[in-house]
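Participant: Going from the sequence shown to the working numbering is simple: count from 1 and add 1118.
I am attaching a structure below and will ask some questions about it afterwards.
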Amino acid sequence: MNASTDIDPKWLTVAIDLATANVEAGGGPFGAVVVGAGELVSTGQNRVTQNLDPTAHAEVMAIRAACQQVGNFSLAGHTLYSSCEPCPLCLSAALWARVDRIVFAADRHDAAVGGFDDRAFYELFDRPREHWEVPVLQHRLHHSFLPFETWIGNSNRIQY
1119 MNASTDIDPK WLTVAIDLAT ANVEAGGGPF GAVVVGAGEL VSTGQNRVTQ
1169 NLDPTAHAEV MAIRAACQQV GNFSLAGHTL YSSCEPCPLC LSAALWARVD
1219 RIVFAADRHD AAVGGFDDRA FYELFDRPRE HWEVPVLQHR LHHSFLPFET
1269 WIGNSNRIQY
């Protein structure tokens, strides 16, 4: 093990404990933490049913809290620890947040056994969009590119 992986079990245990406590409190079995410079920055627990928000996954909640804590939308230099392998939503959020590492305990197969089978989401992008169960259609308008033109012309924009 190296220095960064030596502490992985510690933070994974925190994420697992958060997930277990969340189940005991009536929530879903997922917990996550964001760590920077070896210190806890934020925690997150699955709040989908409590918040009536399908995006309130533990990893997303931890990322949101960490960004607020550090005062930046970038979490470069940070690690996301999760009690379970991030689903495609959470993986995308972590990539957008620019975390340096993602470390998880249980995997997608464990989650499926526990009643959280996200197989369809993982497999979705392997198929052409025309074969997706939910239609995703483009309807191009003459001014479809206007928001991007406005963005490009905005000298005060904050690139992300």
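Glycine included, every Cβ here is placed at the ideal spot set by N, Cα and C.
Nothing here was measured: the structure is a model prediction, and the numbers come from that model.
Can you tell me whether Q1277 is helix, strand or coil according to DSSP?
Facilitator: DSSP places Q1277 in coil when its eight states are reduced to three.
Participant: Could you tell me the alpha carbon to alpha carbon distance between C1185 and E1157, rounded to whole angstroms?
Facilitator: 15 Å
Participant: Report the residue ranges of all beta strand (DSSP E) runs contained in full by the region 1229–1259; include only those spanning at least 3 residues, in chain order.
Facilitator: none
Participant: Is the Cβ-Cβ distance between L1285 and Y1199 less than 8 Å?
Facilitator: A query on residue 1285 cannot be resolved here, the shown segment of the chain reaching from 1119 to 1278 and no further.
Participant: Over the uninterrupted beta strand (DSSP E) stretch that includes F1222, give me the two end residues.
Facilitator: Annotation for F1222: the continuous beta strand (DSSP E) segment containing it runs R1219 to A1224.
Participant: My assumption, with CB atoms under 8 Å, is that Q1187 sits in contact with V1159. Please give the rounded CB distance.
Facilitator: The beta-carbon distance between Q1187 and V1159, rounded to whole angstroms, is 5 Å. This is short enough to meet the 8 Å contact definition.
Participant: For A1133, which residues from the same chain have a beta carbon less than 6 Å from its beta carbon, with the 5 sequence-adjacent residues on both sides left out?
Facilitator: The answer, listed in chain order, is G1149, A1150, V1151, Y1199, S1200 and S1201.
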